[in-house]
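Report on one structure; see the data block that follows.
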Amino acid sequence: MDSPLAIPFAFEQLDHVVLRTEHIETLRDFYMLLGCQIVEDRTRTIGLLQLSLGNSMLDLVDVNGELGRAGGSGPGPVGRNLDHFAVRVAPFDAKEIMEFCKQNGIKATQASQLLLGADGYGPAIFIEDPDGNRIELKGPTEQA
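Residue numbers (the working numbering): 10 to 153.
Structure, rendered in structure tokens:
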């Protein structure tokens, strides 16, 4: 067996959290009451509302919207409300990260497009922890 590869990145900060909900307007109002501001509102097109959360971002996904239906049932006895959490990593070398994951038996999927995070659009790789929680390893902003 080959020796394990050195970890090709370091965690920098939490980038964003994604909550799945059946009550997107209620959650929007709650978080705005706490000081969050709307960054991007795509509730009418794909059911996604993105709010500022300090230096991070909070995404609200309507489980009945296009994006939400792709993620399964909503919060409750058989569903979950956390879709994934994202952590900014540096350096972000997608090839090295994918190879590290492969060598360590970590399921990893590279995003097919730049994804919006707290600082703008950038590359991402999704991994899963042993419990099936999805973690987005977020690269640097390439497009504001």
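Ideal placement from N, C-alpha and C gives every residue a C-beta, glycine not left out.
Exposure of residue i, with buried meaning 16 or more beta-carbon neighbours within 10 Å
i, result
"V87", "exposed"
"A127", "buried"
"A155", "Look at the range of the chain in this structure, 10 to 153, and you will see that residue 155 is not part of it."
"E145", "buried"
"I163", "Look at the range of the chain in this structure, 10 to 153, and you will see that residue 163 is not part of it."
"I16", "exposed"
C-beta contact flag for residue i and residue j at 8 Å
i, j, result
"L67", "L76", "no"
"M107", "Q119", "yes"
"H25", "S82", "no"
"F39", "V98", "no"
"L69", "L58", "yes"
"E34", "V72", "no"
"E105", "P132", "no"
Collapsed DSSP secondary structure at residue i in the structure displayed
i, result
"E145", "strand"
"R97", "strand"
"A79", "coil"
"Q59", "strand"
"V70", "strand"
"E151", "coil"
"L125", "strand"
Residue i - containing alpha helix (DSSP H), residue span
i, result
"I106", "A103 to Q112"
Distance cut-off 7 Å: residue i Cβ against heavy atoms of the ligand ATP
i, result
"R97", "With respect to the ligand ATP, the structure offers nothing, as it holds no ligand at all."
Boundaries (first-last residue) of the beta strand (DSSP E) holding residue i
i, result
"I136", "A133 to E137"
_For a minimum of 4 consecutive residues, which ranges assigned as the alpha helix (DSSP H) are wholly contained in the segment 16–53?_
33–42
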